[in-house]
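Inspection log for the structure reproduced underneath, given as structure tokens.
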Amino acid sequence: MDLNLLHHQIGYGLGAAFALGLLLLALRPPDRSVIRNMLIVTALLALAQLLSMLVALADLQRAESVLVAVAAIGIGVVIIRMVSILIFGFVLTRLKLNLPHIVEDLAVTGVAFAWLLYWLHGAGLDLGSLLATSAVITAVLAFSMQDTLGNILGGVVLQLDTSLRIGDWVKIDDISGQVTDVRWRHTAIETRNRETVIIPNGWLVKNRFTVIGSRNDKQLAWRRWLWFNLDLNVPPNKVVHVLEDSVRDCETPHVLLDPAPSAVLMEVGQGYARYALRYWLGEARPDDPTDSAVRINAMAALSRNQIGLAVVQEERLVIKENERRRAALQADELARRESILGAVDLFANFSPEEIRLLAENLVPAPFVKGSTITRQGRRAHWLYLIVTGEADVWIEQQGIRAHIATLKAGNVFGEMGMMTGEPRRASVTAKTDIESLRLGKSGFESVLRARPDIAKEISQVISARQGQLDEATQEVASQRSESPANDAIGARIRSFFGLDP
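The opening position of the sequence shown corresponds to residue 440 in the numbering used here, with each subsequent residue numbered one higher.
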């Protein structure tokens, strides 16, 4: 090893290191602290070079060799580090190629190790024998540093499969934040509280974490859930519309309208209905402030529509005359039903006593919008009387489904099924929320047996209604079927209820 040649090469290296350092101080202000430290190291290496020259004058060759080796290896590592800052921190940044720091760390480590081997080989060391001799030592070190190696390999794996990228918002157990850096040993996550959480890469590879948003979305769309316990007496569809409109109308920053917001009834408890208002957030950082803004607008919308929050409460009704009050309530309900039945043409010829008997056998039957109340071809031995709401009547023939009528409050349907037992001739769906009353075969049978002549009176009404249905069906069917005659319907009613001809 020619020490004089090494002295000259080290001098050139020191000059290059100082020049690179001064250049980087101007080009990379964020890395000035690191660059200053490397300049200090360069100055120390220059001092070692100067000491080696002084030792050479004293003819201490061994000490000179050690100092020269330290200076040569050190200045090589410093130059490698400075070049990496120039390439990764300046050149690639200008080219808008932002690579993870782990790539820079691995590149610097690999090149520095190659430089060390190259220098040792130039110094006359047999690398083959060195590697063979150190095989056992390497195995021991690998076993003792398995956690460190696992973190390094974990960082490489996370970058290769892009499961975690800088800028991603993640949730890990009770930690939520943005990935700011992936180094050779750890991944740094900055929370919304400006706290930096350091997580070993090996742990991330072995455990589950959640990346907020879809990889396929160009813009982040994160669905948020807001919960409301509301008054159980308010119709659910009304609450859903009010909550959804509150998001669409509020124009809150970072709230996306596509996908559209949605509200759902998730639970019904004692005295409350639990709703979830779900909206899409386009920016992960202001999650809580945006939740608050959406919640405030929703509360205001609920207040405008007289929808109150459910309050946990206990009601105890203490009435001295329980039986009398219960009878009074039942009498009021019975009177209401009698009034409804009296306005129906099907029961126009019934006596007050018969109307009262029918009213006692009516059963409440509510339906929500979109429900199928009865389906064409099904057998059901009861009729429905609409109290509030509207229903659509549909006919299906030869694969064609056609709308033929809309029933409103006071209309009756399903009478043929109750009177004769024949299958439904049409399907009926709830156009709106419906409050209806249902009358079954058994409830009507007692009235019919008491006065069998009712069958003839009802058959006339049913025949007329069937004629109207056939006229509406004519637009769908290719051939119009004949409506059953009054006498035929009356005979079928008597047969169905087991009455004498």
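In this text, a Cβ means the ideal position worked out from N, Cα and C, and glycines have one as well.
**OP:** Take glutamate 854 as the anchor and find which of Val783, Ser523, Arg743 and Glu629 has the nearest alpha-carbon.
**Re:** Val783
**OP:** With a threshold of 16 other CB atoms inside 10 Å of the CB of histidine 447, please say whether the residue is buried or exposed.
**Re:** exposed
**OP:** Output yes or no for whether 7 Å exceeds the beta carbon distance between histidine 693 and leucine 720.
**Re:** Against a cut-off of 7 Å, the Cβ pair of leucine 720 and histidine 693 comes out as a contact.
Original post:
Is glutamate 835 helix, strand or coil by DSSP?
Top reply: strand
Subject >> DSSP three-state assignment for leucine 444, whether helix, strand or coil >> reply: In the structure shown, leucine 444 sits in a helix (DSSP, three-state: H, G or I).
Original post:
Under the DSSP definition of a beta bridge, which residues are partnered with tryptophan 695?
Top reply: One detail in the question is off: residue 695 reads as leucine in this sequence, not tryptophan. DSSP lists Trp719 as partners of leucine 695.
Original post:
Are the beta-carbon atoms belonging to leucine 716 and proline 675 less than 7 Å from one another?
Top reply: no
Original post:
Going straight from the alpha carbon of arginine 743 to that of isoleucine 651, what length do you get?
Top reply: 35 Å
**OP:** Measure the C-alpha to C-alpha separation of leucine 444 and valine 507 and round it to an integer number of angstroms.
**Re:** Distance between the alpha carbons of leucine 444 and valine 507: 11 Å.
Original post:
Measuring CA to CA, which of Ala848, Gly879 and Ser875 is closest to glycine 860?
Top reply: Gly879
Subject >> alanine 848 vs serine 810 beta-carbon contact at 7 Å >> reply: no
Original post:
Based on Cα-Cα distance, which residue from Glu777, Val851, Ile779 and Ile794 lies nearest to threonine 813?
Top reply: Val851
Original post:
Grouping DSSP H, G and I as helix and E and B as strand, with all else coil, what is proline 700?
Top reply: Residue state for proline 700 is assigned as coil, using DSSP reduced to three classes.
Original post:
Where DSSP assigns a beta bridge to proline 805, which residues make up the other side?
Top reply: Looking at the DSSP assignment, proline 805 forms a beta bridge with Glu874.
**OP:** Determine the DSSP secondary structure at isoleucine 514, reduced to helix, strand or coil.
**Re:** helix
Subject >> Buried/exposed call for tryptophan 666, threshold 16 Cβ in 10 Å >> reply: exposed
Original post:
DSSP beta-bridge partners for serine 885?
Top reply: Answer is none; serine 885 lacks a bridge partner.
**OP:** Report back the beta-carbon spacing between tyrosine 714 and alanine 702 to the nearest angstrom; my notes put them in contact at under 8 Å.
**Re:** 6 Å
Subject >> First and last residue of the uninterrupted beta strand (DSSP E) at alanine 627 >> reply: 625-630
Original post:
Can you tell me the Cα-Cα spacing of aspartate 470 and asparagine 537, whole angstroms?
Top reply: The alpha-carbon atoms of aspartate 470 and asparagine 537 are separated by roughly 16 Å.
Original post:
Can the beta-carbon of valine 678 be found less than 7 Å from the beta-carbon of tyrosine 718?
Top reply: Using a Cβ distance threshold of 7 Å, valine 678 and tyrosine 718 do not count as a contacting pair.
Original post:
Do you know offhand how far isoleucine 614's Cα is from isoleucine 628's?
Top reply: 9 Å
Original post:
Would a C-beta distance cut-off of 7 Å place leucine 748 and leucine 801 closer than the cut-off?
Top reply: no
Subject >> Assumed close pair histidine 540, arginine 622 - CB separation to whole angstroms, cut-off 8 Å >> reply: Confirmed, about 5 Å.
Original post:
Applying the criterion that 16 or more other CB atoms from any shown protein chain within 10 Å of the CB defines a buried residue, is glycine 452 buried or exposed?
Top reply: buried
Subject >> Stretch pair the stretch 458-476 + the stretch 497-514: three plus CB contacts closer than 8 Å >> reply: Contact between the stretch 458-476 and the stretch 497-514 is absent, because fewer than three Cβ pairs lie under 8 Å.
Original post:
What three-state label does DSSP hand aspartate 498 in the structure shown?
Top reply: coil
Original post:
Looking at valine 480 and valine 517, is the spacing between their C-beta atoms short of 7 Å?
Top reply: Yes, the Cβ-Cβ distance between valine 517 and valine 480 is below 7 Å.
**OP:** Assuming alanine 865 and valine 832 form a contact by the criterion Cβ under 8 Å, report the distance between their Cβ atoms to the nearest whole angstrom.
**Re:** 5 Å
Original post:
Does DSSP classify serine 710 as helix, strand or coil?
Top reply: According to the sequence shown, residue 710 is glycine rather than serine. Glycine 710: coil per DSSP, three-state reduction.
**OP:** Mind reading off the beta-carbon distance from arginine 863 to alanine 830? Whole number of angstroms is fine, and I expect it under 8 Å.
**Re:** 13 Å between Cβ atoms; not a contact.
Original post:
Ordered along the chain, which non-local residues of its own chain (more than five positions away) have a Cβ less than 8 Å from that of phenylalanine 457?
Top reply: Leu478 and Thr481
**OP:** Consult DSSP for histidine 842 and reduce its assignment to one of helix, strand or coil.
**Re:** strand
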